[in-house]
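Report on the following structure.
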Amino acid sequence: MAAVTGEPLPEAARADAVLLAEYRSAETDVAVLRKQLEIIADALADPAPHPAPAPPRPRSRYRPLRLALNGLAAAVAGTVLVGLGWLVVRATDGAADITAGTGADKAQQDAKAGGPFGSPDFLACARLVAEGEVTGTRPVPGTGQERVTLQVSRSYIPARSEAEVTFVIPAAAGLDEGQRALVAIRRGSASPEEWLVGEEAIAAERPLLLQTLPRARTTPCP
18 MAAVTGEPLP EAARADAVLL AEYRSAETDV AVLRKQLEII ADALADPAPH
68 PAPAPPRPRS RYRPLRLALN GLAAAVAGTV LVGLGWLVVR ATDGAADITA
118 GTGADKAQQD AKAGGPFGSP DFLACARLVA EGEVTGTRPV PGTGQERVTL
168 QVSRSYIPAR SEAEVTFVIP AAAGLDEGQR ALVAIRRGSA SPEEWLVGEE
218 AIAAERPLLL QTLPRARTTP CP
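Numbers 18 to 239, taken from this note's numbering, label the letters of the sequence shown in order.
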């Protein structure tokens, strides 16, 4: 239909080389059809010269021809319109597919760019995602780790957790008493796999975490 009305194809449809070729072919068919209709119209508009008017049935000589030509033009136009209708459907479906594909790709790119706290797969496998204040640290002898106690102020997974949680983390993480921390502990683990230290770092990730949580709740843990 776009080729009949002269409207351009959507940008998304132009990205499909096959649809673009079909659209241009349809434009050519429409141009040929218009030219043929102009020739037919000119032929009907200019009556042939007659030496003398014939008294019996003066209009019967060209009326059947006119009806036949009109029928032929209608048939040709119908055929072209059917083809163009198919092309429009293809273009619409192709644009929808392109849009859907682009949306899915963008969601995956956003998840990768956001790190673990923006990944539904990662959060789906977490048994604890919470933030709070470090109230105590104690070295674990001979391990290079320390036992940390976190006073939870906000729990994301589960929605409600214990007021205080304890976990083991590498001493190099640099958690000190009085600092704020956001930790994510996977199922079956006693240590955080991911953590953030400081309110500024946590505040930067919090919106993405909140945005990803609904998808994580419906995502199976791989």
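No residue lacks a Cβ here, since even glycine has one placed at the ideal position from N, Cα and C.
Just so we're clear, the structure is a prediction, and the values are computed from it rather than from any experiment.
Between Leu-192 and Thr-236, the alpha-carbon positions lie close to 31 Å from each other. According to the DSSP assignment, Pro-187 belongs to the beta strand (DSSP E) that extends over 181-187. Counting other Cβ atoms within 10 Å of its Cβ, Ser-136 reaches 16 or more and is therefore classed as buried. One alpha carbon belongs to Glu-222, the other to Phe-134, and they sit about 7 Å apart.
In this structure Gln-162 is not in contact with Gly-149, their Cβ atoms being roughly 20 Å apart against a cut-off of 8 Å. Looking only at Ala-188, Ala-143, Ser-170, Phe-139, the smallest Cα-Cα distance to Val-157 is reached by Ala-188. Across the set Arg-155, Pro-231, Gln-228, the C-alpha of Arg-155 shows the shortest separation from the C-alpha of Glu-194. One thing to note: Val-151 has its Cβ within 8 Å of the Cβ of Ala-198. The beta carbons of Arg-203 and Arg-144 sit closer together than 8 Å.
For Arg-155, the uninterrupted beta strand (DSSP E) run begins and ends at 143-157, by DSSP. Judged by beta-carbon spacing, Ala-147 lies within the 8 Å limit of Tyr-173, meaning their Cβ atoms are closer than that value.
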